[in-house]
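Undergrad: Structure in C-alpha cells, see below.
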C-alpha cells in the first residue's frame, strides 16, 4: 500500500493545481488501480492541499517571530517530530560554477523562528556535505508543517 499511496500523493499535487475535486480524483485513481481507503485518501488530499496553499508563506514571516497556525500547514502524517520546516538552499560546488538550488527539511519538536531554522541548516551543512563540500550562497525559509494528532 505504501507504494500506491506515495504514487497517489504525487499525483494529488497536479490534480489540485488543475482544480480537480476530491471525489473526481478518487474516482480517477480507482480506475487507474491506485486506490486505498477513502478516509485515508481524503486525509491525504486535505494535507496536500494545505501544503500547496501555504507553500512559501514562511518567507513573509519576520525572522525573529514564530509562524502562526495560519502560515503553517497542518498534516496528519507520521513524521518523527512535531514540526517540519522546508527551506530553499542555494549552493555552489566551486567558484564560477552555477548555483544549485534545492529544498532542505528541518525537523523539530518545538516551533522555530525562520532565523533559527536557517541557522540550523548552516550548523548541519558541513555534516551533510562531507564528501563533496558545497559552499552555501543563500538560505530562504519557505514553508512550515505542523503535525496534528489524528
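In our numbering, the protein residues as written are 2 to 151. Glycine residues also receive a C-beta, built at the ideal position from the N, C-alpha and C atoms.
So what does DSSP say about residue 36, is it helix, strand or coil?
TA: For this step, residue 36 is matched to residue 35 along the chain shown. Note: residue 36 maps to coil in three-state DSSP.
Undergrad: Kindly indicate the opening and closing residues of the beta strand (DSSP E) around residue 109.
TA: Your numbering for residue 109 matches position 108 in the chain shown. Residues 101-109.
Undergrad: What are the partner residues of residue 123, as DSSP defines its beta bridges?
TA: Indexing the chain shown from 1 puts residue 123 at position 122. The partner list for residue 123 (beta bridge, DSSP) is empty, contrary to what the question assumes.
Undergrad: Does DSSP put residue 80 in a helix, in a strand, or in coil?
TA: The residue labelled residue 80 in the question sits at position 79 within the chain shown. Three-state result, residue 80: coil.
Undergrad: Do residue 82 and residue 48 have their C-beta atoms within less than 7 Å of each other?
TA: Looking up residue 82 in the chain shown gives position 81. Looking up residue 48 in the chain shown gives position 47. With contacts defined as CB atoms closer than 7 Å, residue 82 and residue 48 fail to qualify as a contacting pair.
Undergrad: According to the Cβ coordinates, are residue 112 and residue 61 closer than 7 Å?
TA: As a first step, residue 112 must be located in the chain shown, where it is residue number 111. As a first step, residue 61 must be located in the chain shown, where it is residue number 60. No, Cβ-Cβ distance for residue 112 and residue 61 is not below 7 Å.
Undergrad: Taking the straight line between their C-alpha atoms, what separation do you get for residue 139 and residue 131?
TA: Translated into positions along the chain shown, residue 139 becomes position 138. Translated into positions along the chain shown, residue 131 becomes position 130. For residue 139 and residue 131, the distance between alpha carbons rounds to 19 Å.
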